[in-house]
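A short worksheet on the structure shown next.
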Amino acid sequence: MGVEVLALIYRNLRARPVRSILTLLGIVVSTASMVLFLSFGEGLRKALGAELSTVGPAVLVLPEGVEAFSPGYPELRPETVEALKESASELGISQVIPYVVLTRGGLDPQTAFVFQGIPEGLSPQALYPNLTLAAGSLVPGPKGAVVGSRLAERNQLGLGKVLRLSPSISLRVEGILKPNGGLSDNIIYVPSSVVQEALGTRNYTAAAVGVREGFKADQVAGAIKARIAGVNAQTTGDVLRFAERAVRISDLVRFGISLVALVVGGLLVANTVMMSVYERIREFGLMRALGAKQGFIFGLVLLEALLLGVVGGLLGLLLGQAASGLVNWFTGREVGLALSAITFRLAFFALLVAVVLGLLAGFLPARTASRLKVVEALGRL
Amino acid sequence: MLEAINLYKRYHQGEVDVVAVDRFSYRFPAGLTAIVGPSGSGKTTLLNLLAGFDVPSEGEVWLGNTPFSTLSEDARSELRLKHMGFVFQQWNLIPTLTALENVAFPMMLAGIGLKERTARAAALLEAVGLGHRVKHWPHKLSGGEQQRVAIARALALNPPILFADEPTGNLDSASGARVVELLLHQAQEGRTVILVTHDLELARQAERVLRLRDGRLMEIEEAPARRSAVSSC
């Protein structure tokens, strides 16, 4: 390919600057929106991986039919927890920590409170070994609460402050944790009896099970499922796999939505290039008359669309990166999590989509241009 | 070199068939051949067929030993690139390429390297008296200058055949004279120059004049005296 070809493509786009810029903007915005949409999936994967790596016990025992990320109303019966404890040595279990979760407030992280009830006398470190104390005590008393750093900061909860779990249950803040950079910063740890009282049940949400030395998590989870009726046991790996499946499904949904923007972007390029072909019919006729083959004209037009796709894709990636940074700044401030992440594979995928978009959009105009009859194109009929 | 055998071209115009070229046969020798005739006599259609822009309804165009008019579009393009140069009345230059790049364009198609084609294009522009206009855009050149760039481009790959379709049609007499002088020089160098024109003054400078009427070759006028006059200048 000669510099004349590059000059032709570049100068043709520059000769109609407003139209070229508008088309480019179309691709930039559609690529950026796709990048941003898909970056949420990548962010979730990263956050989940980081979150689960800080979880202590390796196996989670849940009532059958309940998944790790949708605990709902507590359904794990105390008898089941007892049965687990009784068979602990036989099943390779080192410890059983039943807990119960209660969420107060709406979806807005500013107003939502997550209470995690843990066995009395136990520190939340038993569940999240990375937690460290900033002030007060790490073990909540019978009517006490240990509060995650971000939640404490957001609601100005100091030591001694009173929290109301229900009209009849009040808790005093006895400990405040240091920031950990994960979801545990937004949790209030309280004795499980308090949460059970508020919910009017003796049940638990789930039980975290530690694995004895010499046993493997998969093995223990299998043994629990075989021995204890009505429960499901998941290892951290199972949870990750489940989460990955869920994130992948949501990826597809988000990609589907962004596909609309991409199709619009593609049609913009196709329209621009097609108009440009019609305006340059004589030029293509002249090239053919001078000896250019059909493939040359096809390539010339396709390259023009491809250039729009690649440049638009790159700029879209940059815009998506900026938008992702903005989202992360916001979610970081609100819930202490970076929700959006632009990984190498996402960037590569976005560019690939932009390139394919350019090629698809350029195909029809390129075919039209290459099939022009020389006499008709030159107006020599 | 270039030979038309029994060329016949029929167009459908609505429900009527129009014969644009009617049984035209001629073997074009080296030197300047002018094709003249009134509007609608089939000059442009004939040139389209001879140059392979279009295919005849019947008959053939031979380029040396190759049945040119029976080849595919791309094969004709390739032969055009190597063996033919063109100067049209208008729409001669690619508007987004400079004069130099326009001249270099066929050389790029032929796969000649950037350095070589740039040097050769500059030399060709120099030869047509446009050495000082190499970086100019077509719209910054006068009509005569544009035609001279087209001549330089037509000569880029040193083709044996040169087509000129009303090359002076849009020019003032001084610019026209310069263009004619360049074409005559090419004929004198031994190329086959085929000049299509309705300007009889211009045609008189050719060695042969083919007169067309209603698509038919009515008369071939040889001009030995003029030929010798051309050769001696």
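Protein chains in written order, with this note's numbering: chain A, 1 to 381; chain B, 1 to 233.
Glycine is no exception: its CB is placed at the ideal position from the N, C-alpha and C atoms.
- Looking at the DSSP output, A/S168 shares a beta bridge with no other residue.
- Taking A/V211 as reference, the option from A/L352, A/V81, A/L91, A/A350 with the minimal CA-CA separation is A/L91.
- For B/E78, the nearest CB of chain A lies under 8 Å from its own CB, placing it at the interface with that chain.
- The three-state secondary structure of A/S123, taken from DSSP, is coil.
- For a Cβ distance threshold of 8 Å, residue set N48, F53, D54 of chain B lies close to A/V375, ordered along the chain.
- Contact with chain B is found for A/L290, since one of that chain's Cβ atoms lies less than 8 Å from the residue's Cβ.
- DSSP lists B/E3 as the beta-bridge partner residues of B/W62.
- Taken through DSSP and simplified to helix, strand or coil, B/H12 comes out as strand.
- In the same chain as A/R367, and ignoring 5 residues on each side of it, the C-beta atoms closer than 8 Å to its own belong to F298, in chain order.
- Look at A/L286: its C-beta is under 8 Å from a C-beta on chain B.
- Along the region 106–118 of chain B, the positions whose C-beta sits under 7 Å from a C-beta of chain A are P106, M108, L109, L114, read in chain order.
- Fully contained in the region 18–55 of chain B are the following beta strand (DSSP E) runs of length 3 or more, in chain order: 31–36.
- Taken atom to atom, the span from the alpha-carbon of A/S168 to that of A/I176 is near 23 Å.
- Per DSSP, the continuous beta strand (DSSP E) segment holding B/R208 begins and ends at 208–213.
- The Cβ atoms of A/A338 and A/A112 do not sit closer than 8 Å to each other.
- Annotation for B/L183: L32, V87, I151, L162, A164, P167, V193, L195 place their beta carbon closer than 8 Å to its own, counting only its chain and skipping 5 residues before and after.
- Under a criterion of Cβ atoms nearer than 7 Å, no residue of chain B is adjacent to A/N271; the nearest Cβ is some 20 Å distant.
- For A/I187, the CB contacts under 6 Å within the same chain, skipping 5 residues up- and downstream, are V114, Q116, G148 in chain order.
- Per DSSP, A/Y128 lies in no beta strand (DSSP E) and is assigned neither H nor E.
- B/V61 is the residue among B/N48, B/D54, B/V61, B/S57 whose C-alpha sits nearest the C-alpha of B/M1.
- Across the structure, A/T272 and A/G358 are spaced so that their CA atoms are roughly 11 Å apart.
- Pairwise C-beta distances place the region 39–53 of chain B out of contact with the region 116–134 of chain B, as fewer than three of them are shorter than 8 Å.
- Between A/L378 and chain B, the shortest Cβ-Cβ separation is below 8 Å.
- Note that the C-beta distance between A/A233 and A/V96 is not below 8 Å.
- Beyond the five residues adjoining it in sequence on each side, B/R117 comes within less than 7 Å, by CB distance, of A104, M107, M108 in the same chain, given in chain order.
- Using a CB distance cut-off of 8 Å, A/N328 does not count as an interface residue toward chain B.
- For A/V301, no CB of chain B lies under 8 Å from its own CB, so it is not counted at the interface with that chain.
- Residue pairing by DSSP places A/Q156 in no beta bridge whatsoever.
- With 16 or more neighbouring CB atoms inside 10 Å of its own CB, B/N48 falls in the buried class.
- Assigned with DSSP and collapsed to three states, A/Y10 falls in helix.
- Between the C-alpha atoms of A/L346 and B/S142 there is a straight-line separation of about 53 Å.
- Counting along the chain, the unbroken beta strand (DSSP E) around A/I188 starts and ends at 187–191.
- Look at the region 93–127 of chain B and you find these whole runs of alpha helix (DSSP H), each 4 residues long or longer: 99–109, 114–127.
- Within the region 3–29 of chain A, contact with chain B at the beta-carbon level (separation under 7 Å) is assigned to V3, E4, A7, L8, R11, N12, A15.
- Distance from the CA atom of B/R191 to the CA atom of B/F28, rounded to whole angstroms, is 11 Å.
- For A/E304, the nearest beta carbon of chain B is not closer than 8 Å to its own beta carbon.
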